[in-house]
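If you read the sequence shown in UniProt numbering, its first letter stands for residue 1, the second for the next number, and so on.
Glycine residues also receive a C-beta, built at the ideal position from the N, C-alpha and C atoms.
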Amino acid sequence: MLLARASPAFLPSTSSPTPSSQTLPPSASFGRSQRTGGSLTAASPNCAVRRPVMAAAAAAVPAAKLEDAEALIDSVETFIFDCDGVIWKGDKLIDGVPETLDLLRSKGKRLVFVTNNSTKSRKQYGKKFETLGLSVNEEEIFASSFAAAAYLQSIDFPKDKKVYVIGEEGILKELELAGFQYLGGPTDGDKKIELKPGFYMEHDKDVGAVVVGFDRYFNYYKVQYGTLCIRENPGCLFIATNRDAVTHLTDAQEWAGGGSMVGAVLGSTKQEPLVVGKPSTFMMDYLAKKFGITTSQICMVGDRLDTDVLFGQNGGCKTLLVLSGVTSEQMLQSPDNKIQPDFYTNQISDFLTLKTAAV
């Protein structure tokens, strides 16, 4: 018998209230979720969260090793996949991914791909999927670069204000498509500050938001410019695409992630950012509105506990951790780990070998 298990409670650090829960009969759910049932109908700007905090009193139920993939597949309508560490590592496709996606599509499942990597736009990610031999529609892809632009649209960010970008081309392209003025980005990577006596650095007083994402052209000029905008421009927003500590630039090792850039600006401004990528609920609410998704009918699949699994739990989804990315089984089962998915498995191609229901 497949039973629902209670989820740990998470407290957002913003002033917005935690969504209320609906109770489902045991037969209606498979796995655990923070927000069970409810169909989300609107993307709220207040859903961008700073940093989800686990309630100290909550006792995490240990994750179960996935043994009955067929039951999990049949229990949901939509699978949301992280990309790095789940679909690919660097520019290398993980074994069995094409066959797994084909299996899920053949069963009528909706597939959505959500990545915290902001270096590319949705269109650019579409080309990456194509290069790897995967047929994925642009409308099925949601990157944190897109989330930043979508968030600004959701709060009616004034079109006469500008956005300073500490990040790469993906953010610039999505801001441009959304009709926002921007400055910064990779071009500021060549700029240097000559600290002569009496030097005063000017900044654009029309900047109303600073968006920080992963940036291989990161430098001191960008930190100082962004800091000045946030500190001195009244009401200037500090938006982070994500706070991932590490990322997969290659399949050989882990590399410092976007969280390192965000941390530098946080350190100089003493201001917490609004996070629009995972584990913020903003993207989940956006997806729910776009597709009319019922959260209890979603399975979030990812390789990170503090972003992917937390994203799914904050949104009320079932969660599956794969060990093909940054999280090992040892890390998952460590007494220090307080985030437990519903299930874990080695990689998503296990769906192919675990199709038969366990007795």
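For residue i, does the three-state DSSP call read helix, strand or coil?
i: valine 207; result: strand
i: aspartate 251; result: coil
i: valine 246; result: strand
i: threonine 353; result: helix
i: phenylalanine 60; result: It is alanine, not phenylalanine, that sits at residue 60 in the sequence shown. Residue state, collapsed to three classes: coil.
i: lysine 92; result: strand
i: valine 262; result: helix
i: valine 276; result: coil
i: threonine 121; result: As written in the sequence, residue 121 is serine, which differs from the threonine given in the question. Reduced to three states, the DSSP call for serine 121 is coil.
i: serine 154; result: helix
Anyone know if the C-beta pair for residue i and residue j falls short of 8 Å?
i: alanine 209; j: leucine 172; result: no
i: aspartate 303; j: valine 86; result: yes
i: glycine 258; j: asparagine 242; result: yes
i: proline 341; j: threonine 307; result: no
i: tyrosine 164; j: glycine 184; result: yes
i: valine 223; j: valine 262; result: no
i: tyrosine 344; j: leucine 321; result: yes
i: lysine 159; j: aspartate 204; result: no
i: phenylalanine 142; j: serine 121; result: no
Give me the DSSP bridge partner(s) of residue i.
i: glutamine 181; result: Lys162
i: phenylalanine 142; result: Val114
i: methionine 300; result: Ile80 and Thr319
i: valine 212; result: Ile166 and Ala240
i: lysine 270; result: Paired residue(s): none; lysine 270 is not in a bridge.
i: alanine 256; result: Val246
i: lysine 65; result: Tyr344
When burial is assigned at 16 or more other CB atoms within 10 Å of the CB, is residue i buried or exposed?
i: aspartate 74; result: exposed
i: serine 328; result: exposed
i: threonine 295; result: buried
i: glutamate 168; result: buried
i: glutamate 202; result: exposed
i: methionine 331; result: exposed
i: glutamine 22; result: Any reading at glutamine 22 needs caution, since the residue's pLDDT is 32, under 50, leaving its predicted position unreliable; the model's value is listed next. It counts as exposed.
message: Report the start-end ranges of each alpha helix (DSSP H) in the region 303-351 that is 4 residues or longer and not cut off at the edges.
response: 310-315 and 329-332
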